[in-house]
Amino acid sequence: MSAGTALPMPRGLPSGRDLDKKVTILIPTLDRYPFLRKLLGQLRSQTVGPGEIIIVDQTDVSQRKDDLYEEFSDLPMHVHYLDKKGQSSARNLGLHHARGDLVLFLDDDDEIPDTLLESHLKALDSSGAEVSCGAVDEPGALTADLLQHPQVSSVFPTGNSLASLQAVIGAG
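Residue numbers (our numbering): 10 to 181.
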């Protein structure tokens, strides 16, 4: 699948350090096309479009459904096939092909709001952080007491995480 053009940046968004960066969305999948179809539809509706979407498909050759990718040919999508199964192998292959400044790791069964990418970018921009993980709430939004403070972790949660591509590659 060849790359399409990036979805346009909507008017009226504030410009900032991270809001202007190209984002690669990386999605490993293994024979879960109904979930992936739903996620690709949600990516089509993002308020801030990705620069590219990389899908690493580990489905057995006889079970692959290439027609799914044709349904979303308007997205800037690259599909890579990998016979070796495993999340790490799939993500490593995707990172090898990523050309964005930032990479957003999603799982094929994630369900995302239209503002997911925009929210992560704003979180990075306002905090100066290199990584934004999990649910992103507006500053000052009422949340559970458990979530009142930023979390620091020694483990990188690879689902629904946006990070600098260079930081991820540099970390090994």
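Virtual Cβ for every residue (Gly too), placed ideally from N, Cα, C.
Residue i to residue j span [Cα, whole Å]
i: V52; j: D83; result: Looking at the sequence provided, one finds Leu at residue 52 rather than Val. So the alpha carbons of these two residues sit roughly 11 Å apart.
i: G95; j: L102; result: 11 Å
i: G168; j: Q67; result: 17 Å
i: E139; j: D40; result: 32 Å
i: V70; j: S136; result: 44 Å
i: P37; j: E61; result: 14 Å
Exposed unless 16 or more other CB atoms sit within 10 angstroms - verdict on residue i
i: R100; result: buried
i: G109; result: buried
i: G181; result: exposed
i: L151; result: Any reading at L151 needs caution, since the residue's pLDDT is 46, under 50, leaving its predicted position unreliable; the model's value is listed next. L151 comes out exposed.
Under 9 Å between C-beta atoms of residue i and residue j
i: A107; j: L35; result: yes
i: F44; j: D123; result: no
i: L77; j: L49; result: yes
i: H89; j: I121; result: no
i: L125; j: Q175; result: no
Close beta carbons around residue i, own chain, < 6 Å, minus the five adjacent residues each side
i: L155; result: For L155, the pLDDT reaches just 46, beneath the cut-off of 50, and the residue's location in the model is therefore unreliable, although a value from the coordinates is still provided. Excluding sequence neighbours, L155 sits near nothing in its chain.
i: Y42; result: K74, L77
i: S141; result: H129, A132, L133, L171
i: K31; result: G60, G109, D110
For residue i, the three-state DSSP class (helix, strand or coil)
i: P23; result: In this predicted model, P23 has a pLDDT of only 46, less than 50, meaning its place in the structure is not dependable; the value taken from the coordinates is given anyway. In the structure shown, P23 sits in coil (DSSP, three-state: anything other than H, G, I, E or B).
i: F44; result: helix
i: S128; result: helix
i: A172; result: strand
i: V57; result: coil
i: D76; result: helix
i: D116; result: coil
i: D134; result: helix
Heavy atom of the ligand ATP within 8 Å of residue i beta-carbon
i: V112; result: As for the ligand ATP, it is missing from this structure, which has no ligand bound.
Contacting residues, own chain, Cβ-Cβ under 7 Å from residue i (five flanking each side not counted)
i: V177; result: L104, V112
i: Q72; result: D40
Cβ shell of residue i (< 8 Å), same chain only, five flanking positions each side left out
i: L115; result: I34, L35, I36, L48, I121, G168, N169
i: A153; result: Here A153 scores only 49 on pLDDT, less than 50, and its place in the model is too uncertain to base an answer on.
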